[in-house]
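Residue numbers (our numbering): 43 to 331.
We put the CB at the ideal spot given by N, CA and C, even for glycine.
Since this is a predicted model, take the numbers as computed values, not measurements.
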């Protein structure tokens, strides 16, 4: 199957219509009230629940979906008396509905990504959506042309952040990312947003299930100057390739074409800095070394 699209459209059942956004918002408010009643900071809850402070903040604001296992842990940590556990089945149902939240041209890929057992991403102009912070994603959507209204911007930011759940499930997919050094140097959103994004790359790059590499600017040879792409292995199915430009997407399943992208990715990884060298470079950009 190959999917080609000519324009971007709103999903048939966006979250603001099917009600899942309201569920996540209400659940986030409950978590915040319970946390404050327990006299815990976001950081303290994050440490106890084995997740980051930023994730707690995002869940409380309704822009990230609390995972069922988090709700079970948080219910006990916050002495919620089963209030959060009672929402587990509703969250699972909402997650299934959320698969329709993306634009039509992106929906097939989003569905495959959500169940992937392996994902390999080569990006050239912007930090890939799976690695973007909330502020970085908002800057991307705010400055794109034609301009989007505020409601659309906030919805797309929430939809993008929801995809980050791929790193929170277990077993997590085997993931690797190769980023062109130039995109790390571009201060998208301004100095503070740029710094926060680099810190996010360090956090994700240190996960056991993720390998993050940087393709330095001084390489004289390059096997894929014609664009970014993603290699994805859905559960129980062969590897596919995905490309996207200006709202035109291709989900490629032809074995020969997928093999071409796989060969390119192997060469790119060989030419890029090692994961350890890449994290060291980002640390230097942050002034930590």
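Return the chain-ordered list of same chain residues with a C-beta closer than 7 Å to the C-beta of residue i, the five sequence neighbours on each side being excluded.
| i | result |
| --- | --- |
| residue 323 | 256 and 315 |
| residue 101 | 70, 73 and 108 |
| residue 93 | 112 |
| residue 195 | 180, 183 and 184 |
| residue 67 | 104 |
| residue 330 | none |
Going by C-alpha to C-alpha distance, which of the options sits closest to residue i?
| i | options | result |
| --- | --- | --- |
| residue 110 | 89, 96 and 135 | 135 |
| residue 269 | 99, 165 and 177 | 165 |
| residue 245 | 103, 86 and 174 | 174 |
| residue 279 | 271, 288, 297 and 290 | 297 |
| residue 116 | 133, 95 and 90 | 90 |
| residue 249 | 317, 87 and 132 | 317 |
| residue 208 | 196, 154, 310 and 66 | 154 |
| residue 169 | 260, 228 and 127 | 228 |
| residue 275 | 288, 290, 114 and 295 | 295 |
| residue 282 | 125, 290 and 299 | 299 |
| residue 176 | 187, 132, 197 and 126 | 197 |
| residue 216 | 149, 251 and 330 | 251 |
Just how far apart, CA to CA, sit residue i and residue j?
| i | j | result |
| --- | --- | --- |
| residue 71 | residue 286 | 36 Å |
| residue 201 | residue 180 | 11 Å |
| residue 64 | residue 189 | 26 Å |
| residue 158 | residue 326 | 33 Å |
| residue 305 | residue 271 | 12 Å |
| residue 320 | residue 130 | 38 Å |
| residue 105 | residue 178 | 14 Å |
| residue 243 | residue 199 | 18 Å |
| residue 328 | residue 241 | 8 Å |
| residue 284 | residue 82 | 43 Å |
| residue 224 | residue 239 | 14 Å |
| residue 191 | residue 312 | 42 Å |
| residue 75 | residue 172 | 29 Å |
| residue 301 | residue 309 | 13 Å |
| residue 203 | residue 128 | 24 Å |
| residue 97 | residue 88 | 8 Å |
| residue 253 | residue 205 | 18 Å |
| residue 261 | residue 187 | 32 Å |
| residue 78 | residue 293 | 45 Å |
| residue 230 | residue 220 | 18 Å |
| residue 43 | residue 151 | Unreliable positioning characterises residue 43 in this predicted model, as indicated by a pLDDT of 39, which lies under 50. The coordinate reading is nonetheless provided below. Rounded to whole angstroms, residue 43 to residue 151 spans 12 Å at the Cα level. |
| residue 18 | residue 125 | No answer is possible for residue 18: it lies beyond the span of the chain, which begins at 43 and ends at 331. |
| residue 133 | residue 259 | 44 Å |
| residue 85 | residue 95 | 5 Å |
| residue 291 | residue 149 | 10 Å |
For residue i, which residues of its own chain have a beta-carbon under 6 Å away from its beta-carbon, when the five flanking residues on both sides are left out?
| i | result |
| --- | --- |
| residue 162 | 218, 273 and 307 |
| residue 222 | 166 and 257 |
| residue 247 | 254 and 321 |
| residue 80 | 120 |
Note down, in chain order, each residue of its chain lying with its Cβ closer than 8 Å to the Cβ of residue i, except the 5 sequence neighbours on either side.
| i | result |
| --- | --- |
| residue 277 | 157, 158 and 159 |
| residue 303 | 271, 273, 283 and 294 |
Report task. Flag this pair as touching only if the region 230–238 and the region 257–267 have three or more C-beta atom pairs under 8 Å; answer yes or no. Result -> Verdict: no, contact absent.
Query raised in the report: So does the region 206–214 actually touch the region 115–126, counting three or more Cβ pairs closer than 8 Å?
Result: No, because fewer than three Cβ pairs between the region 206–214 and the region 115–126 fall closer than 8 Å, the two stretches do not touch.
Requested in this report: Within the region 138–205, note down every full alpha helix (DSSP H) run reaching 4 residues or more, in order along the chain.
Outcome: Taking only runs of at least 4 residues, the alpha helix (DSSP H) segments lying wholly in the region 138–205 are 146–156, 176–185 and 192–204.
Query - Every unbroken alpha helix (DSSP H) inside the region 220–253 [4 residues or more] - result: The qualifying runs are 223–227 and 233–247.
Requested in this report: Report the residue ranges of all beta strand (DSSP E) runs contained in full by the region 75–128; include only those spanning at least 3 residues, in chain order.
Outcome: Positions of the beta strand (DSSP E) runs, each at least 3 residues long and wholly inside the region 75–128, cannot be given because no such run exists.
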